[in-house]
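S.K.: Chains as they are written, first to last, in my numbering: chain A, 36 to 612; chain B, 662 to 986.
Structural data, given as structure tokens:
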């Protein structure tokens with residue numbers, strides 16, 4: 036083999052250098068040209084959306100994107116959080132006698148230019164009911180029939196009164212009949228029609244929203260272009276003149292928060308559509324190109340007990356633990372102040388349904404006072420100690436050997452939490468709770484566990500003592516309160532994970548589900564909150580604040596609301612600066 | 662003839678081992694706590710919804726039936742549908758595989774070439790400063806924690822100097838430009854490869870350097886090297902033409918196996934650089950209990966590793982006439 040001489044080697048090196056420089060220059064020049072494309076919003080996502088099949092999407096990322104494509108009849112006003120007509124032209128009319136809601140549809144078009152009609156709405160509802168589409172079926176199954184007297188009117192006939200109809204059923208995304216008819220026809224011929232539908236790859240979703248899919252490069256970016264047929268363009272809805280005023284949105288995928296935040300600081304993206312962890316805040320606050328928004332979330336993080344078994348079936352023990360758990364410490368130290376103390380199961384941000392008049396365990400008490408109060412409750416309930424946590428002189432000491440009212444020694448008590456790499460806050464909460472409970476002599480042990488395994492133990496096997504879990508995005512309709520605690524949901528995979536069983540609560544919960552009068556329903560929901568917080572199957576802990584970061588000087592018009600600035604209203608109102 | 666018999670024997674062994682792996686994988690995923698449906702912590706999912714979904718995913722079937730479906734999916738090359746993407750697993754893998762192969766194969770070849778070259782130089786100058794420098798350098802870079810190194814490189818070269826992109830495989834500016842042709846796009850991919858490739862190179866080249874150095878030192882003690890010297894051949898000729906080709910044999914084995922393992926994509930590298938490859942899918946599918954996708958990823962890795970082992974053994978016999986099976 037002939038050997039390369041020095042000249043040849045130099046020549047090879049030169050070629051490598053030329054190629055590398057060309058690559059850099061080429062991409063650099065394009066970056067520069069993009070900087071002038073000021074109308075394009077670049078949004079960083081932590082993970083790639085899994086699918087654009089709206090019926091299959093179970094991940095946050097797919098739903099964020101799909102929320103800009105498929106629109107519902109009603110949406111929440113960002114200021115009042117009340118439901119307002121969106122694809123609908125006006126509020127729904129309810130005929131109590133006929134159990135019928137009439138909804139008028141506003142003139143709107145799909146992204147392919149065809150008209151959005153009542154047929155599309157009826158088709159969506161009938162499709163969900165026929166195929167029992169998971170996540171949506173429970174919101175539509177009580178509808179007996181859907182009529183379309185004309186192309187702008189839909190009549191929904193209910194089998195029974197359902198309070199969630201407006202807030203949950205009418206907020207379902209509507210799909211185009213034309214797009215799905217052939218898919219459904221083909222699916223019906225298969226062995227598992229629903230499975231076939233859920234596995235359908237939607238390459239070009241027909242949108243009724245402000246944007247439409249232009250291009251999706253797997254694993255790298257997803258480009259939504261302004262929908263020229265969007266019904267809201269130029270319309271004033273709730274006093275807001277809608278655009279979109281931007282040409283499109285490019286969603287860029289980042290595997291880690293570190294990379295996303297560097298990209299934001301560098302200017303590669305205009306917004307990181309995810310909560311910023313407190314650890315990054317100091318750095319971002321000092322950056323004059325970054326603007327931070329702080330909003331409340333509709334979230335609940337809580338400690339739950341397995342009330343199916345002793346000693347957790349004793350409300351006195353649960354109340355004593357609720358007093359020992361120092362929410363203020365959790366918010367100040369663990370969340371570094373970025374959280375709101377929860378007193379009820381419904382977050383305070385959901386003002387209409389939140390009941391402020393519930394028992395507030397341990398509020399304003401210091402550690403010693405908490406121990407004394409919890410000790411008093413347990414002592415009065417018949418609990419005894421080998422070494423009581425409060426001695427004869429009334430001084431707090433380390434309690435030991437707590438015994439149940441029957442005289443048996445309390446067995447090891449496990450607090451299951453997600454692992455620190457999944458959620459450091461919840462893992463840390465579990466460790467702190469362990470320490471607080473031990474001060475009273477309760478043999479508590481915090482046990483971080485893989486998230487899947489934790490859910491299996493709690494939700495499927497019901498084999499646990501207590502756990503710390505959370506919901507990051509609760510619906511604004513409070514029906515989940517019924518779901519979480521009604522005794523009929525105390526079954527494998529049911530939402531009553533604690534196994535709470537209170538016939539009085541069940542009665543009120545069922546009444547609330549069929550209460551069509553909003554005020555009456557609110558009084559029932561308030562009553563339910565009082566019962567739950569009195570019995571404490573769950574100890575509400577905190578609702579973390581959502582901090583979001585955007586680039587300054589690029590776009591103006593961010594709309595703040597519960598759940599952050601990454602919302603439909605922002606994307607419809609953002610204007611390039 | 663002997664080699665042919667050997668290959669046939671090994672092929673039979675590979676089929677048996679692969680079948681065992683196929684079964685163990687199936688069982689491991691089912692025995693692991695948690696299932697794909699309970700992972701969906703969404704208060705909108707009622708128990709009824711969860712049960713419907715379980716039926717659709719085929720998780721309601723007895724384990725034996727699930728196993729038979731799994732085997733059928735494997736033998737038809739379909740691998741089933743991903744629980745989360747709702748797409749055929751084979752499509753997802755084919756989509757991601759080229760990206761992984763491009764990055765990791767390039768890095769292994771580059772690391773091996775540089776490692777062999779430097780290893781040769783280091784051994785030739787054994788005990789001198791250049792040898793110590795290279796050996797220590799190789800040890801240090803080889804033992805660096807990959808995500809740390811990756812983040813440091815991103816911070817310096819992408820964020821501080823702005824020379825390279827922070828992550829990803831392509832720039833939307835180039836790929837959305839209808840005028841950008843093949844060359845522009847290829848250059849864009851190369852540009853994005855620089856940092857992940859540098860990270861992988863820095864981590865891996867040291868191993869090849871050390872293997873080559875050690876193997877060279879052994880080779881240099883051989884009689885035929887003494888004979889070459891006695892014949893009065895130039896030192897450089899002895900090093901490059903007599904010692905190095907023989908000393909490179911262990912590197913061949915190492916490269917062969919590394920190439921096989923490269924298809925798992927190095928989950929860490931792909932995650933930090935958001936490189937859309939198999940490694941990232943593997944991590945995501947395992948953490949979300951997406952059985953069909955995770956199983957297919959593992960099976961592919963197992964298959965390629967088994968076959969590569971055989972290829973390396975055969976290659977060894979071809980490269981070294983002393984080895985006969």
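Glycine included, each C-beta is placed from N, C-alpha and C at the ideal position. All of these numbers come straight from a predicted model, not from anything done at the bench.
Is it right to say residue 849(B) is buried, meaning 16 or more other beta carbons lie within 10 angstroms of its own, or is it exposed?
M.R.: With 16 or more other Cβ atoms within 10 Å, it is buried.
S.K.: What residues are listed by DSSP as bridge partners for residue 283(A)?
M.R.: According to DSSP, residue 283(A) bridges with 75(A), 260(A).
S.K.: Closest by CA to residue 873(B), which one among 692(B), 773(B), 805(B)?
M.R.: Here the closest residue by C-alpha is 773(B).
S.K.: Are the stretch 542-560 of chain A and the stretch 332-347 of chain A touching, with three or more C-beta to C-beta distances below 8 Å?
M.R.: With a cut-off of 8 Å, the stretch 332-347 of chain A and the stretch 542-560 of chain A do not count as touching, because too few Cβ pairs lie within range.
S.K.: Whole angstroms is fine: what's the gap from residue 929(B)'s alpha carbon to residue 792(B)'s?
M.R.: If you take the alpha carbons of residue 929(B) and residue 792(B), they lie about 31 Å apart.
S.K.: Using only alpha-carbon positions, find the residue among 377(A), 82(A), 210(A) that is nearest to residue 579(A).
M.R.: Of the listed residues, the one whose Cα sits closest to residue 579(A) is 377(A).
S.K.: Helix, strand or coil, according to DSSP, for residue 390(A) in the structure here?
M.R.: It is coil, neither helix nor strand.
S.K.: Taking 7 Å as the cut-off, decide whether the C-beta atoms of residue 424(A) and residue 475(A) are in contact.
M.R.: Yes. Within cutoff.
S.K.: One question on the structure: do residue 914(B) and residue 973(B) come within less than 7 Å of each other, judged by their Cβ atoms?
M.R.: It is a contact, given that the beta carbons lie within the stated cut-off.
S.K.: Give the residues of chain A in contact with residue 823(B), contact being defined as C-beta atoms less than 8 Å apart.
M.R.: The answer, in chain order, is 301.
S.K.: Assuming residue 107(A) contacts residue 94(A) under a Cβ cut-off of 8 Å, what Cβ separation, rounded to an integer in Å, is found between them?
M.R.: Going by Cβ atoms, the distance from residue 107(A) to residue 94(A) rounds to 19 Å, so no, they are not a contact pair.
S.K.: Quick one: list the residues of chain A neighbouring residue 707(B), beta-carbon separation under 7 Å, in chain order.
M.R.: Those are 173, listed as they occur along chain A.
S.K.: Report all residues from its chain with a CB closer than 8 Å to the CB of residue 152(A); omit the five preceding and five following residues, and keep chain order.
M.R.: Answer for residue 152(A): 140, 183, 186, 187, listed in chain order.
S.K.: Against residue 491(A), what residues of chain B qualify as contacts under a CB-to-CB distance less than 8 Å, listed in chain order?
M.R.: Result: 694, 695, 696, 699.
S.K.: Determine the DSSP secondary structure at residue 575(A), reduced to helix, strand or coil.
M.R.: Of the three classes helix, strand and coil, the one that applies to residue 575(A) here is strand, per DSSP.
S.K.: Give the range of the alpha helix (DSSP H) segment to which residue 954(B) is assigned.
M.R.: Segment 952-980, the alpha helix (DSSP H) holding residue 954(B).
S.K.: Mind checking residue 404(A): buried by the 16 CB within 10 Å criterion, or exposed?
M.R.: By the neighbour-count rule (16 or more Cβ atoms within 10 Å), residue 404(A) is not buried but exposed.
S.K.: Give me the residue from 711(B), 758(B), 705(B), 788(B) with the minimum Cα distance to residue 508(A).
M.R.: The candidate whose alpha carbon is nearest that of residue 508(A) is 705(B).
S.K.: For chain A, check one thing: does any of its Cβ atoms lie closer than 7 Å to the Cβ of residue 980(B)?
M.R.: Chain A, which has no Cβ nearer than 7 Å to the Cβ of residue 980(B), makes this no.
S.K.: DSSP three-state call for residue 946(B): helix, strand or coil?
M.R.: Three-state result, residue 946(B): helix.
S.K.: In the DSSP assignment, the beta strand (DSSP E) including residue 329(A) goes from what residue to what residue?
M.R.: Segment 325-330, the beta strand (DSSP E) holding residue 329(A).
S.K.: Applying the criterion that 16 or more other CB atoms from any shown protein chain within 10 Å of the CB defines a buried residue, is residue 876(B) buried or exposed?
M.R.: Result: buried.
S.K.: Counting only C-beta atoms, is residue 587(A) closer than 7 Å to chain B at any point?
M.R.: False, the Cβ-Cβ gap to chain B never drops below 7 Å.
S.K.: Identify every run of the alpha helix (DSSP H) within the stretch 766-825 of chain B, keeping only runs that are complete inside it and at least 4 residues long; order them along the chain.
M.R.: Listed in chain order, the complete alpha helix (DSSP H) runs (minimum 4 residues) inside the stretch 766-825 of chain B are 790-803, 807-814.
S.K.: Is the stretch 323-337 of chain A in contact with the stretch 549-558 of chain A, if contact means three or more CB pairs nearer than 8 Å?
M.R.: With a cut-off of 8 Å, the stretch 549-558 of chain A and the stretch 323-337 of chain A do not count as touching, because too few Cβ pairs lie within range.
S.K.: For the beta strand (DSSP E) that residue 350(A) lies in, which residues bound it at each end?
M.R.: First-last for residue 350(A): 350-359, but that is the alpha helix (DSSP H), not the beta strand (DSSP E).
S.K.: Does the distance from the C-beta atom of residue 357(A) to that of residue 571(A) stay below 7 Å?
M.R.: Cβ atoms of residue 357(A) and residue 571(A): closer than 7 Å.
S.K.: When the cut-off is 7 Å and only beta carbons count, does residue 597(A) lie next to chain B?
M.R.: Taking Cβ atoms only, chain B never reaches closer than 7 Å to residue 597(A), which makes this a no.
S.K.: Using 8 Å as the cut-off, can you tell me whether the stretch 810-826 of chain B makes contact with the stretch 736-745 of chain B, which would need three or more C-beta pairs spanning the two stretches below that distance?
M.R.: As far as the Cβ criterion goes, the stretch 810-826 of chain B does not touch the stretch 736-745 of chain B, which means the pair count is below three.
S.K.: What in chain B is Cβ-close to residue 1(A), meaning under 8 Å?
M.R.: Since the first residue shown for chain A is 36 and the last is 612, residue 1(A) is missing from the structure and cannot be characterised.
S.K.: Among all the DSSP beta bridges, which residues are the ones paired with residue 915(B)?
M.R.: None; residue 915(B) has no bridge partner.
S.K.: Closer than 7 Å by C-beta to residue 90(A): which residues in its own chain qualify, once you throw out the five before and the five after it? Chain order, please.
M.R.: 168, 232, 233.
S.K.: Quick one, are the C-beta atoms of residue 457(A) and residue 502(A) less than 7 Å apart?
M.R.: Cβ distance not < 7 Å, so residue 457(A) and residue 502(A) don't count as in contact.
S.K.: What does residue 759(B) reach in chain A if we use C-beta pairs closer than 7 Å?
M.R.: Correct list: empty, because the minimum Cβ distance to chain A is about 11 Å.
S.K.: Tell me whether residue 179(A) is buried or exposed, calling it buried when 16 or more other Cβ atoms sit within 10 Å of its Cβ.
M.R.: Exposed.
S.K.: Between the alpha carbons of residue 784(B) and residue 910(B), how many angstroms are there, rounded?
M.R.: If I take the Cα positions, the gap works out to 16 Å.
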